[in-house]
Each structure stands twice: as C-alpha cells, then as structure tokens.
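This report concerns only the one structure given below.
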Amino acid sequence: MMRDADPKPVRLADYRPPDWLVDTVDLDISLHPTATTIRARLAMRPNPLGREGSPIVLDGDELVLKSLALDGAALAGNAYSVTPSSLTLLAPPQQPLVLEIETQLDPSANTKLMGLYRSSGTYCTQCEAEGFRRITYFPDRPDVLAVYTTRIEADRAEAPVLLGNGNKVEEGEIPGTSRHFAVWHDPWPKPCYLFALVGGRLDRVGDHFVTATGREVDLGIYVEAGKSARAGYAMDALKRSMRWDEEVFGCEYDLDVFNIVAVADFNMGAMENKGLNIFNDKYVLASPETATDSDYSSIEGIIAHEYFHNWTGNRITCRDWFQLCLKEGLTVFRDQEFTSDERSRPVKRIMDVRLLKAFQFSEDAGPLAHPVRPSTYREINNFYTATVYEKGAEVVRMLKTLLGPDGFRNGMDLYFERHDGEAATIEDFLACFADATGTDLGHFALWYAQAGTPQLTVTGEWNPAEKSYRLDVEQSVPPTPGQPDKQPLVIPLAIGLVAPSGEDLPLTLTDGSSPAGGVLTVDTARASFVFRDVAERPVASLNRGFSAPVRLVSNLSTEDLVFLARHDHDPFNRFEAVQTIAFAYLIEATQAARSGRNLPGPEALIAAMGASLADPALDPAFISQVILVPSESDIAREIGQDVDPDAVNAARGTLRRAIGTALADPLAHAFERFAAPGPYSPDAASAGRRALRNACLSLLAEAGTGEGVARALGLYRAADNMTDRLQALTTLAHYAPQHRDEVLADFYERFRDDPLVIDKWFALQAQIAEPGTLDRIRELTGHPAFSLRNPNRVRALIGSFAASNPTQFNRADGAGYEFLADTVLGLDGSNPQLAARLLGAFKSWRLLEAGRRARAEAALRRVAGKPGLSPDVTDIVSRSLA
Ligand code: BES
Ligand code: ZN
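Each residue of the sequence shown is one higher than the last, beginning at 677 in the working numbering.
Rendered as structure tokens:
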C-alpha cells in the first residue's frame, strides 16, 4: 500500500515529545526470501513529558500484521486500529506494559531498498530516516531511545553469516532443521533508525583495534564472496579513523565489535548503524586495478564519516529530523578534518570548497534552497542535501574559527559530556560552545535558520598619506523560497595584507588592537576596518581558507590576483586567485561565444598557471587543482542567469585549448617528470602526482599539442592502475573520437565481470559532449549489463548524464529533459528515493536561457501531472516548480 502522495508538511514548531517511551526492544526475526517474520516485544511506558492518557500510535509501512498482544494477552479487534501507515492502541493502560507484535514482510519484493531487503541474495536493512517502520510497527522517530536485543534466524546455507547491532551474545543450530540463529545485544540506547541486521554468504576480513584505554575491539569487514582482497584499504582507513577520533576528539569506541558490510544495492553511500555499518560496496572495495585514487580517498573519507557518527549521531542523536545537521554537518566537518590530517590540508580545503560551491551554492540559489536546519518538510529523505551536509559542516568550521581551537574543543567536550545518551537539538549544541567559552552565540545561530548564500562586497583602499589601509565590507543575503527578507549574519572573515615583498603585514587596527588569527568579525550589513602602519601598498587576501561560505566580490584587480596567486601565504587563496581570474575570463568568453565576438587571449591566467607549473616548491596535487579550469556548471552558476550551455562549453573549450597550446611544453614536461617511480600506491603524494599528470594530459589532448593523444593511448595500454587507465580512456573518449570505440570495447572486455568498473564505463559514455550521446545512452539502457534495479548503475548512466553533461542534458530541443523525466517516472514506482534524487538535476533550471527554461519546465510539469507519484518525487517536483 502507498502512503499519501502529498502528506501534510511536518513543522519544527509543532514538535512535541513522544507520549510513550520504549525502554527495550526484543526482536526475533526469522529470515525467509519472501516471507520473513518479525516478532517484536516492546517494553513501553507513558512519557512523563507526554500528554496524559494518550493512545499508543505506532508507525508502519507495507507491513502485514499477524498478531498483537498486550502484557501476554491477545488484543481484541476493537482495542486497536490499523491503517496503511499506523497501528494504534486506542486506550492502553497508563502504565508500563509489554506489547508483542508479529509482522510479516517480503524482502525480495522490497525494491525501495528501505527497511529489510535483499541485495544479491544478502539480507540487509536500511532504516534511516523512516525505514524501521517497514520492519515492525514502532514509534519511528529519533527521540525514542531503546536498548535492542535481536535474535536472527535463517537457513544456514542461505545465510551462514548473521550480524546485528552491538555484541554477539549467543548463537547455535536449530536442531532437526537446516536453520541456525544468532543473538545480538546492543547495550547503548538508540533510536530505531540505527537498527540493522545482515544475513548472507559473505567473506570476512578481520582485524583488531586496541582502544586508548586498552580495550580490544574485533573488527570485521564483510564482502561478497571472493572480494576480500579488496577490503584491505577500508580496514586500514577504519583503524586510522578510530585512532584519530581518540587523539583529536577524545572519542573512544564503545563495543567489543565493529562490523562493516558492503552491499551492491544501496540508495546512499553508507550508513552508520550502531556497531554494524552498512556500505554501498563502491565505498569499501578497492584494488589498484579497479579503483581510482578518487575512489580510494572516498573510501577513506566515508569509512571515517560513518565511524565518527558513533559519537556524533549515535551516542548523541537528533531529537527530530529537523536537527539532521546536528549529526551530518558536524560529522562531515569531522571527516574533513580527518582527511586534512591524513592527506594535504590545503588540497582538501580546495576540494571541499569546490564541492560546496558546485552543490550547495547552486542549491541555495534555486527553488530547492532551504536553511541548514529547515523548519518544515514534506519528505525527509529529500533533506539529505548539500545544504544540510556541506553548509552544515561550514557552520561548524566557522564556530571553530570564531572560538579558536581550544574554545572549540572545550565546547565539543562539554557537548559529549552533557548530552551523551540523549537526542539533542542545535540549541543544545550551541549552548555547549556558549557555556564553555562564555560567548553569546545567539546571533551566530542565524546561520542555521536563514537560507541563501551571503554576498560579501569588499573594497580595499590604501591611503599613502596616512599609511593606512581601509576595508569596507558589505553583506547581503538574497531572498530564498519562503524567506524574502534577510538579516546580516556573523561572518568570520580571515584576511591578510600582503606586502609587495610577499610578506604578510602585521594587522593593527587604528585602536591598536589586532584581530586574533587575522579574523575580522563582520556582523552588520556594513562594516569598516582601518589598519595602521601600512607603508607600502599591500594586496588584501580576503576570506583566507574560505573562512566563511560566502560569495566574495572585491575590488582586487587582475594584477592583484596574479600577485596573490604567486605570493599569498594562504594556499587556498593562491588557488582561489587563479580561479577568480579564470571565472572573469570565462564569463566574458561565454558572452563572446554567444555574440560571435573575439576576445583578447587569457594571458594573465596562462601566466599564473604557468608559474604554478614551474614552481618546484608546490605540491603536485595543489598544482593539479590550480590548472583545472572551472567546470561548465561552475561557470553557469557564476553567470547566474540566461545561461546558454553551448556557449559555456565553447568558452571553456577555447580556454582549455589556449592553455594547452601556450603551455604545451611545461605540461608535457610535467607529464614526464611526475611519472610514477614504482608500482601503484594510493597514498596522497602518489595520487597527487597522478592527478597533475592527468590534468596535463587532458589539456594537451584537447589542444592537440604535446602529443597528448599519443600519450593518452600509451598510458591507456601501459597503465598498471585504474586511475591512469580511466583518465587515459576519458581523454581519448572526449578528444580522440577516432580511437573511442576501440578503447571502450577493450575496457569493457577487460572488466566485464566487475560491476563497479562497468559503472565507470557507463558513466564515461554518458558524459561525452556530443549530439549522439543521448542516443548512445538510450541504447545503453538496453545493454544486458544495465538495470534500473541497481542504484549505482542508474546513477552511473543516467545520473552522470544529468549532472555532468551540460550541453547534452540541456539540449536545445529538450530531449535531454524528456529523457530524464521518462526515467524518473519509470523508476518512481520501484525506487522513489532514487527517482527523487535524479529529479534534483533540475535544481538550476531557472538559470537557463528562455528556450531551455521553457522546455525544462514542460518536462517538470509532465512529471508533476502523472497520477500516483511517490511523496518523494511529488515533493521535489512541486518545490522545483514553485
Ligand atoms: N546517515 C547517512 C546515510 C543516510 C543518508 C541514510 C540518507 C539515510 C538517508 C550517512 O552517515 C551519510 O551521511 N552518508 C553519506 C556519505 C557521507 C560521507 C557524507 C552518503 O551516503 O552519501
Ligand atoms: Zn552521515
């Protein structure tokens, strides 16, 4: 049965504590491919903070109720009512009681991949946000914390491995049958969204970890039979994460076991279920031959992220789903810091800001914009967004910038101490930092409530007569859906004044004070700062390290930016200076492409990139970021209105060819110089060299210089690793169409039995910027290896087309939009969450020029008009059109 397609919005302001609490949950789950039974025994009591005399209302979804008993006695039919989405005990005794519920479900028919389902025959679960109600009737909300004991029974041949949350306390055979069982007990109270179980034929990679206080933890990673050799990197990342969290946050693991299971069919990346993380296998499995450097670093980051949730999310959870950023934003911040410590901090910051701008700034500028903590939602699944995650992490980072490292750590310590075992709110979180540091964070809290990317306009002026430097800062936040008027925010603006020598000047304000750490606090619509003792004209380095997630507009000239690119002590701003020059050029070049005008060459940009390439002091990974030309969607976002994707593509191509031509020698030289000295290693330094080589290769091939294509062919054939092979293949597929079919066929044959690699093969073809691509994609949907049932495959072919092929998705004839709409409609019945995510590709449709805008709108309206849409798709399509 379906839920109501257009349910009433849920409002933060309507929060009420639960009327009934659950102290313990005893589950007895008998796994069967089509008829799994779940017996749940819930020890409940009225909540002293709830409404007196309340019924017990439990959530349910697609469940078959088999039996129901209260304190050991079957319930009469008139004592309860069942709807498709609930089970209500109408007049329960107002005292502690035990409810026994037996339900049945069909895991093989569960294509939504929420609740209990099967992935390649393995039984697994996904309960966040509201999937537990698809397993048993329960108050499915994160502020109901209970202690769980789970007995899992299954056919031994079908599921020799049985895993649950917590520690295993018992296991055995069921005499006279082919079945066996295991009992798992999790001593830590948790919300039901952290429940998980797994049953299947899986290989195990085992290891141990000794915690800071000397407790030994058994570590297990479970993968599809035959793939255990590919789990080593994930295990290593797990152990490094566990150590790091002890050292940096004082967080120690709290069970005897920590298990991770990799499954092939998963809607998301991974899930932090207590003691039993479940992962999309893409974020566990890696070998040099099959995984790229970027796959390795995603694995490291996601393993860390899910592990870090053990304290930020699990020990302290969210009171309600409006508080999602309390665990996600904070945990993203923590995983970013982990990666910064394990790899290169500047390069990590550059990549995170790139991601923030690409996904969050664009979300914030369109119809799906919402605050980091939304105040209303119709479908919570659609709020696992770049805003909640990436902007949520930025807000935590700003808190650290404002309070300093010690103040931040004291606040975190207080948070862990004060709220352990609780379901908390953003107010609780902020109060810990306020109390630990004696800071009023009332105004800062607006970052959680106000949507939209602030614009900061900074004008700097040197006064030679006064030997002073004045910065005038103006902030404004654009209107967003439901929030027409905005207030100024508290913006930590890290700056430097760079002298002609390249040295940072000491920052002394006219009152004699110095901003701590070079951070100015801007908390009004306008502010001015005057620095004294500035004898030479400096160049202002603004928003260093991207200290605030804002759009910066300044009066720095191209010459100033070229200077910063070469001299700034802040590596982020060295990078950003080049990007700023590139954006200015690309925006003009796009206009020129549309009007058939000629533009003077990008000399300043080429010089800045050339200087980076030639600088032996720079990290190759950093240089690879500097010479990367902004993507087409980055350019479109910066243009901001009336975007013609073909003109953007033309401008970008022209620029890349200009760079490849002008810098052919240094690019070819770098390609040679950074060749790997030995066999493949995924470490950050080696990955950085490959990233630089491959960036050089791509520019050379597009420009048709430096033997780019020949080098790419050579690299493809000789590669001992997937990073080089895929980069060579991509370069050939885009810039050497004469070799395309041959190398694509070769790649397919080499990896036909490796689904994660075949995903790359699908994705690559979907991204070719040619008119034939849509037909190729249509044909590929009929390929024997394509399936709408596997989310990774759908995202590879259709998701990459919509997200990473701007000219073809945005075809002027609207065929790209119609194709996506058809796919979304075809998918909605089986996997609405995935369908809704794909539909998110329309999030910037209003920025397009009129013709495409009309066609995108027509496609959205066609989706909206289809009867029987899921709540997930209904929510996205209606907000997109609003
Ligand atoms: N708690 C989420 C997983 C999740 C997301 C469950 C959406 C239900 C709905 C998990 O911690 C997470 O955030 N995973 C990310 C990866 C992470 C590194 C940002 C994901 O799955 O994309
Ligand atoms: Zn998370």
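Here a beta-carbon is modelled for each residue, glycine too, at the ideal position from N, C-alpha and C.
Where do the N-terminal and C-terminal ends of the beta strand (DSSP E) with residue i fall, by residue?
i: K742; result: 740-746
i: K1519; result: Looking at the DSSP string, K1519 is not in any beta strand (DSSP E), and its letter there is neither H nor E.
i: P757; result: This sequence places Ser at residue 757; Pro is not what is there. Residues 756-759.
Relative to the alpha-carbon of residue i, which residue among the options has its alpha-carbon at the smallest distance?
i: P1276; options: M1285, A1287, A1290, Y1261; result: Y1261
i: S1374; options: D1359, G945, G1080, A1412; result: A1412
i: V1149; options: R1202, L1122, S1189; result: R1202
i: T993; options: K742, L773, K866, A1491; result: K866
i: N1466; options: T787, I714, I1552, N1486; result: T787
i: V939; options: P1022, Q802, A980; result: Q802
i: D1011; options: D1028, Q1255, E728; result: D1028
i: P1447; options: V1419, N1481, F1462, Y1424; result: N1481
i: D1341; options: V1305, G1384, A1312; result: G1384
i: G1097; options: A1461, V823, R1555; result: V823
i: D747; options: E776, R1393, G1188; result: E776
i: S1051; options: G1544, P685, E1455; result: P685
i: P1247; options: W1138, L1185, R1025, F1120; result: R1025
If you measure between the beta carbons of residue i and residue j, is that distance less than 8 Å?
i: I1257; j: L1339; result: no
i: L1002; j: A1069; result: no
i: R1220; j: I1171; result: yes
i: I714; j: I811; result: yes
i: D883; j: A901; result: no
i: A946; j: Y929; result: no
i: L1536; j: V1549; result: no
i: Y813; j: A835; result: no
i: V1023; j: V1048; result: no
i: D969; j: P1296; result: no
i: A1370; j: Q1414; result: Strictly speaking, residue 1370 in this sequence is Asn, with Ala absent from that position. Contact: no.
i: L1376; j: G1329; result: no
i: S1362; j: A1351; result: no
i: A1409; j: R1416; result: yes
i: L1090; j: W1123; result: no
i: V1470; j: L1420; result: no
i: D1435; j: N1468; result: yes
i: L839; j: L952; result: yes
i: R809; j: D816; result: yes
Need the endpoints of the alpha helix (DSSP H) that residue i sits in, please.
i: Q1441; result: 1431-1442
i: T1406; result: 1398-1411
i: D879; result: Run containing D879: none in the alpha helix (DSSP H); it sits in the beta strand (DSSP E), 878-886.
i: S1152; result: First-last for S1152: 1144-1152, but that is the beta strand (DSSP E), not the alpha helix (DSSP H).
i: P1133; result: The displayed chain sequence assigns Thr, not Pro, to residue 1133. Taken as a continuous stretch (DSSP letters only), T1133 belongs to no alpha helix (DSSP H), being part of the beta strand (DSSP E) at 1131-1139.
i: Y1493; result: 1491-1504
i: F1109; result: 1102-1113
i: V1072; result: 1068-1095
i: M1027; result: 1021-1031
Does the Cβ of residue i have 16 or more other Cβ atoms within 10 Å, making it buried, or fewer, making it exposed?
i: A830; result: buried
i: S1233; result: exposed
i: T1399; result: buried
i: V1134; result: buried
i: D1322; result: buried
i: L766; result: exposed
i: K1033; result: buried
i: Q1443; result: buried
i: R754; result: It is worth fixing the name first, because residue 754 is Asn in this sequence and not Arg. Exposed: under 16 other Cβ atoms inside 10 Å.
i: K742; result: exposed
i: M677; result: Here the model assigns M677 a pLDDT of 42, short of 50, so the residue's position is not dependable, and the following value carries that caveat. By the 10 Å Cβ count, M677 comes out exposed.
i: N1231; result: exposed
When DSSP labels each residue in this structure, what does residue i get in the three-state scheme?
i: G977; result: helix
i: C800; result: strand
i: Q770; result: coil
i: I1474; result: helix
i: C1001; result: helix
i: K915; result: helix
i: W1123; result: helix
i: P863; result: strand
i: H1046; result: coil
i: N786; result: coil
Just to check, is the beta-carbon of residue i closer than 7 Å to a non-hydrogen atom of the ligand FAD?
i: E948; result: The ligand FAD is absent from the structure shown, which contains only the ligand BES and the ligand ZN.
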